[in-house]
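Asker: Just dropping this structure here.
Numbering (mature numbering (1 follows the signal peptide of the UniProt record, and there is no 0)), first residue to last: -24 to -1, 1 to 162.
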């Protein structure tokens, strides 16, 4: 029985040694794989950090470019606003000057300091047997007497001046609008 017992003990010892060896190999291999996985995770974390850093730099550069473009657009807008304000001031001055000139003309017409007259067709007057118009003096460049002129009534003259005043203001406003469109579309 001892022989069987010795064999059994040897087999049990061998099995125990194999189990201990397998366990040691398993632990060693787990540690080796754990280190490899830790190194891979560390490398992956470093790669992600580098990507994040590069992406952050790209975002900062894009933000800086957007801010520069915005500053350029704001400068261009300020310059346009300044040009438009100058044009507005010029337009206001032209309009004011035209209104003052028209007011002076209306005052001169009202005080009879100035009279408006129109050219009269002498052919129509002589056919009707009428020659009541005023003759204009001969000009310095010619020898022919001036044309026949008829003076307008003061009220009619003032209405004509009012019409030309509106026309002048309309033309000045049109020129201002055209200048505005030219500036805005530059």
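No residue lacks a Cβ here, since even glycine has one placed at the ideal position from N, Cα and C.
State the Cα-Cα distance for the pair residue 15 and residue 47, rounded to the nearest angstrom.
Answerer: Rounded to the nearest angstrom, the two C-alpha atoms are 47 angstroms apart.
Asker: Which of the three DSSP states, helix, strand or coil, is assigned to residue 124?
Answerer: Note: residue 124 maps to strand in three-state DSSP.
Asker: Give me the Cβ distance between residue 163 and residue 61, rounded to the nearest whole Å; I'm assuming they're in contact under 8 angstroms.
Answerer: Since the first residue shown for the chain is -24 and the last is 162, residue 163 is missing from the structure and cannot be characterised.
Asker: Quick one: is residue -1 near chain B, going by C-beta distance under 8 angstroms?
Answerer: Annotation note: the requested chain B is absent from the structure, which comprises a single protein chain.
Asker: Is it buried or exposed, residue 94, if we count other Cβ atoms within 10 angstroms and call 16 or more buried?
Answerer: Exposed is the call here.
Asker: From 139, 59 and 144, pick the residue whose C-alpha is nearest to that of residue 161; which is it?
Answerer: The option with the nearest alpha carbon to residue 161 is 59.
Asker: Could you work out which residue in 139, 17, 145 and 134 is closest to residue 165 when comparing CA atoms only?
Answerer: Because residue 165 is not part of the residues shown, which for the chain are -24 to 162, the question remains open.
Asker: Check residue 95 in the structure and name its three-state DSSP category.
Answerer: Three-state DSSP puts residue 95 in a strand.
Asker: Using beta-carbon positions only, say whether residue 148 and residue 70 come within less than 8 angstroms of one another.
Answerer: Yes. Within cutoff.
Asker: Using the Cα positions of residue 32 and residue 54, report the straight-line distance between them to the nearest angstrom.
Answerer: Looking at the two C-alpha atoms, the distance is approximately 32 angstroms.
Asker: Are three or more beta carbon pairs between the stretch 23 to 32 and the stretch 121 to 130 nearer than 8 angstroms?
Answerer: No contact exists between the stretch 23 to 32 and the stretch 121 to 130.
Asker: Under three-state DSSP, which class holds residue 11?
Answerer: Residue 11 falls in the helix class under three-state DSSP.
Asker: In the DSSP assignment, find the alpha helix (DSSP H) that holds residue 147 and state where it starts and stops.
Answerer: Unbroken alpha helix (DSSP H) run through residue 147: 130 to 160.
Asker: Do residue 74 and residue 144 have their C-beta atoms closer together than 8 angstroms?
Answerer: Their beta carbons are under 8 angstroms apart, which means residue 74 touches residue 144 by this criterion.
Asker: Would you call residue 3 buried or exposed, if buried means 16 or more other Cβ atoms sit within 10 Å of its Cβ?
Answerer: Exposed, because fewer than 16 other Cβ atoms sit within 10 Å of the Cβ of residue 3.
Asker: So, using beta-carbon positions, are residue 139 and residue 92 closer together than 8 angstroms?
Answerer: Not closer than 8 angstroms, so no.
Asker: Going straight from the alpha carbon of residue 40 to that of residue 51, what length do you get?
Answerer: So the alpha carbons of these two residues sit roughly 16 angstroms apart.
Asker: So, is residue -14 buried or exposed, given that buried needs 16 or more other C-beta atoms within 10 angstroms?
Answerer: By the neighbour-count rule (16 or more Cβ atoms within 10 Å), residue -14 is not buried but exposed.
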